[in-house]
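Encoded as structure tokens, the structure appears first; notes follow it.
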Amino acid sequence: MTPLLKEARSRLEETLLAAFPDLQGVYLFGSAASGAPREDSDVDLGLLLPPGGLPPDPWKLGETGARLEGILGRPVDLVDLRRADTVFRHQVVSTGRLLLVRDPRAAAEFEMLTLSFYQKLNEERREILEEIRRTGRVLHP
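Mapped onto this note's numbering, the consecutive letters of the sequence shown carry residue numbers 18 to 158.
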């Protein structure tokens, strides 16, 4: 976690919880999580909201991102992880960090399901990936 995030953590949590009271957790991912952000890097945050609920209002996501940008001094990208695809979710879980945990059980379940779905996806696409490795081509003529 960058020093900037450590300093602003309580304000970040307060802003996110005010916008999304049912928030279960927040993942930091991307360059800020890897510890290698550039001057022009944004801050990527994955929101873990309860399953089965309505998606967050895009206006609220944008407004909250703008408020967080004011706190952090750099653009903030907010992603609803429950609506992200399996590969994206796996990337967040495997390379990101859990920045805020309000429901440890929900976070653990989300991570286990993500890893399980990713393993199943890899099993289903194994033949396709092997063909790409063998031929060096993605598309057939």
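Using N, Cα and C, we set each Cβ at its ideal position, and we do this for glycine too.
| said: Just to confirm my understanding: we take Gly82, look at its own chain, exclude 5 residues before and 5 after, and list those with CB closer than 8 Å. What are they? | reply: The residue you call residue 82 lines up with position 65 of the sequence shown. Excluding residues within five positions, the ones whose Cβ falls inside 8 Å are Pro92, Val93, Asp94 and Leu95.
| query | Is the beta carbon of Ala49 sitting closer than 8 Å to the one on Asp61? | reply | For the purposes of this step, residue 49 is taken as the residue at position 32 of the sequence shown. For the purposes of this step, residue 61 is taken as the residue at position 44 of the sequence shown. Yes. Within cutoff.
| Distance between Arg28 and Ala125 (C-alpha atoms, nearest Å) | In the sequence shown, counting from the first residue as 1, residue 125 sits at position 108. In the sequence shown, counting from the first residue as 1, residue 28 sits at position 11. Roughly 25 Å between the two C-alpha positions.
| Between which two residues does the beta strand (DSSP E) harbouring Gly42 extend? | In the sequence shown, residue 42 corresponds to position 25, counting from 1. Element bounds for Gly42: Gly42 to Phe46.
| said: Determine whether the beta carbon atoms of Gly63 and Leu98 lie at a separation below 8 Å. | reply: Stepping through the sequence shown from its first residue, residue 63 is reached at position 46. Stepping through the sequence shown from its first residue, residue 98 is reached at position 81. Cβ distance < 8 Å, so Gly63 and Leu98 count as in contact.
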